[in-house]
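Notes for the one structure printed next.
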Amino acid sequence: MANKTTHIGVVTTGHGPRDEYLHYHKMFLEALGADVKITVRHIYEDLTLEELLPHQVDKTTPNLGAHVHVPGAVGNHMGDGWEHRFFELGFATKLVQKTIDRLEEEDGVDMVLLACAAEFPKGQISAGTLLIHPREIMFSIAENIAHGTRRKPKIGVIVDAEHADHDVADWKSRAFYKNIELEVSPITGSWHDAARKLGEANVEFAFFFGYGVGLAPYDAADEIPALERAIGAPLILPHRATVLHLRNLVGPAMNDLAYMPEGWNKA
31 MANKTTHIGV VTTGHGPRDE YLHYHKMFLE ALGADVKITV RHIYEDLTLE
81 ELLPHQVDKT TPNLGAHVHV PGAVGNHMGD GWEHRFFELG FATKLVQKTI
131 DRLEEEDGVD MVLLACAAEF PKGQISAGTL LIHPREIMFS IAENIAHGTR
181 RKPKIGVIVD AEHADHDVAD WKSRAFYKNI ELEVSPITGS WHDAARKLGE
231 ANVEFAFFFG YGVGLAPYDA ADEIPALERA IGAPLILPHR ATVLHLRNLV
281 GPAMNDLAYM PEGWNKA
């Protein structure tokens, strides 16, 4: 039977284009031998800024962050004409579901990936195919770090200062929490300041739930390596974790011997 190309639909939480997601997922997976097609849709692709403004909120209200088109805006890492704003979570969640439905019904995707690691209201999003939520992948990695060890691994997490209490409560709600030591570093200045705090705390692993950080066209080329150097420990990011997880779900099967020395197999 011939291998089937896996069609992956990607949902972004703002306006488009977001070609970094198209390129990253396709090139990473193909480098590992996968046969994939990527279609990216954006939850606000049919809405102008003026239509979004009634739903804009600050960080004190449950929200979903989004990069949107703002005429005249400068200095965003997506380029001029972009800003990062926040919109009411319930409003955004309905459009996430609408976008999932469009990817399945109009584009015929085989699975849907959320290009964000945000928390959504329980039971409010679902797919008829597979729905890949990076947030759950991240927590499953943390759980596996804690699993089976007789000591408590020291795990650091970089969080928004405004959401720090909520994020800590989320970690504490996890069954594996009693098996880890958690060091939380709220972003009160720069990402790098938060990373240095985790480095000073000597964490063993660090988590940052920002999907796609470092991939935007105007991100500094050493953005993520600099964070990792400041932490001095592996930095677990949702886009990395997700694409490696996806490789197990798509064909063709990996050629494991390609990662062994030439001539290793004697059969």
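Residue numbering for the sequence shown is 31 to 297, as defined by the numbering used here. C-beta atoms are modelled at their ideal positions from N, C-alpha and C, and glycine is treated no differently.
Item: 3 or more residues per run - each beta strand (DSSP E) lying fully within the stretch 194 to 228; Value: 211 to 217
Item: Option in Glu60, Gly44, Arg165 with minimal Cα separation from Arg204; Value: Arg165
Item: Reduced DSSP secondary structure (H/G/I, E/B, other) of Asn93; Value: strand
Item: Opposing strand residues paired with Ile254 [DSSP bridges]; Value: DSSP output for Ile254 lists no bridge partner at all.
Item: Other residues of its chain near Lys184: CB distance less than 6 Å, five sequence neighbours each side excluded; Value: Glu211, Val233, Glu234
Item: Per-residue DSSP class, three states only, for Gly186; Value: strand
Item: Nearest to Thr159 (by Cα), restricted to the options Ile68, Glu118, Asp200, Val142; Value: Val142
Item: CA-to-CA distance, Asp65 to Arg277, given in whole angstroms; Value: 10 Å
Item: Assigned secondary structure, Gly120 (DSSP; H/G/I helix, E/B strand, else coil); Value: helix
Item: DSSP beta-bridge partners of Gln86; Value: Phe117
Item: Within the stretch 102 to 173, ranges of the beta strand (DSSP E) (whole runs, at least 3 residues); Value: 112 to 118, 141 to 144, 160 to 162
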